[in-house]
Amino acid sequence: MFGMREWWRELADLVLPADCAGCGLPRTGLCARCRELLRGSGPRLVRPDPPPDGLPPVHACLAYADEVRAVLLAHKERGALRLAAPLGAVLAGAAGAAAQETAPGGAAPGGAAREGRRPLLLVPVPSARRSVAARGHDPVRRMALAAAGELRRAGRPARVLPVLRQRRTVADQAGLDARQRLANLAGALGTAAGAGRLLAQGPVVVVDDLVTTGASLAEAARALGRAGGTVVGAAVVAASRPGNP
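Structure below.
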């Protein structure tokens with residue numbers, strides 16, 4: 001049933017003209033102006049204030065506002081699957097920048113040359129099962145797959161490892177402040193059986209669509225680190241705080 005719903009959405013994207021998801025221009029899907037807007041000005045390091053403990057360096061390409069917000073919501077909540085490719089291209093830029101982060105001593109973990117030959121492991125922050133069921137797709141995982149494809153086409157080995165699991169039910173994050181989000185997510189994520197072996201294959205970048213307080217990314221990095229992953233950074237499409245990016 002889940003796969004059939006996705007198939008119908010993808011077919012509808014191909015045969016039914018849609019208004020631009022960003023600005024609403026009729027029958028354009030994603031207009032040239034909004035497509036250019038998504039390309040942004042390149043990835044930049046962003047930092048929630050205050051940053052939660054354990055938050056890795058986070059790169060974002062866009063500010064979560066106006067057309068960018070509309071496009072992300074159209075993909076996430078309304079199942080506009082055609083938007084996964086352009087959003088994945090944005091996420092690929094942020095992930096590539098995150099992979100360039102260096103350790104405190106100034107050298108990339110394991111050495112830059114060696115890391116460049118190993119696949120970059122993109123680990124999506126998981127959505128709650130009820131949310132995936134309601135939406136009919138997993139938006140972050142879909143964008144991560146598109147981002148990995150973009151990175152490979154650019155010559156950077158990359159793969160998606162969906163190894164994070166929700167260990168308990170969490171409340172809806174909407175409306176929670178930074179402290180409440182940290183409490184809501186503390187200890188909420190774990191990893192699948194055998195994740196350590198998979199995570200040892202390369203440097204890890206945690207990926208999500210949006211960063212607000214950083215609580216989700218920090219909890220994801222904690223769970224991956226406990227499983228033996230080397231988390232070198234986090235990458236998101238957009239940052240919601242003013243001035244970030």
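So the sequence shown is numbered by the UniProt record's numbering: it starts at 1 and just counts up by one.
For each residue, glycine too, the CB sits at the ideal point set by N, CA and C.
Within its chain, find whatever has a CB closer than 6 angstroms to the CB of residue i; leave out the 5 residues flanking it on each side and keep chain order.
i, result
"Arg141", "Pro124, Pro162"
"Ala18", "Gly29"
"Glu67", "Gly22, Cys23, Cys34, Leu37"
"Ala195", "Val163, Ala227"
"Leu85", "Checking the sequence, you will find Ala at residue 85 rather than Leu. Answer for Ala85: Ala146, listed in chain order."
Considering only the alpha carbon of each residue, which of the options lies closest to residue i?
i, options, result
"Ala154", "Thr191, Ala95, Cys20", "Ala95"
"Thr212", "Ala32, Val46, Cys31, Leu25", "Val46"
"Gly214", "Ala235, Leu198, Leu224", "Ala235"
"Ala192", "Val204, Ala146, Ala227, Gln100", "Ala227"
"Ala92", "Val160, Ala32, Val231", "Val160"
"Leu210", "Ala32, Pro26, Ser41, Leu73", "Leu73"
"Leu145", "Pro50, His75, Gly88, Ser41", "Gly88"
"Ala99", "Lys76, Ala133, Pro126, Arg156", "Arg156"
"His75", "Met143, Pro126, Gly225", "Met143"
"Ser131", "Glu77, Gly190, Gly233", "Glu77"
Count the other C-beta atoms from every protein chain shown that fall within 10 angstroms of the C-beta of residue i, then say buried if there are 16 or more, exposed otherwise.
i, result
"Glu219", "buried"
"Arg39", "exposed"
"Ser216", "buried"
"Gly79", "buried"
"Pro139", "buried"
"Pro52", "buried"
"Ala128", "exposed"
"Pro26", "exposed"
"Ala32", "exposed"
"Pro48", "buried"
"Arg222", "buried"
"Ala148", "buried"
"Pro126", "buried"
Beta-carbon within less than 7 angstroms of residue i's beta-carbon, same chain only, minus the 5 sequence neighbours each way: which residues are those?
i, result
"Ala70", "Ala21, Gly22"
"Ala97", "Pro43, His59"
"Gln201", "Arg118, Pro119, Leu121"
"Gly229", "Leu199, Val204"
"Gly54", "Ala218, Ala221, Arg222"
Just checking my contact of residue i with residue j at CB under 8 angstroms: how many whole Å lie between their CB atoms?
i, j, result
"Ala158", "Leu151", "4 angstroms"
"Val207", "Val231", "Actually they do not touch by this definition, with Cβ atoms about 11 angstroms apart."
"Leu224", "Leu199", "6 angstroms"
When every heavy atom of the ligand FMN is checked, does at least one fall within less than 8 angstroms of the C-beta of residue i?
i, result
"Pro124", "In the structure on display, the ligand FMN does not appear, and there are no ligands present to speak of."
Next on the checklist: Between the region 116 to 126 and the region 44 to 63, can you find at least three pairs of beta-carbon atoms closer than 8 angstroms?
Outcome noted: The region 44 to 63 is not in contact with the region 116 to 126.
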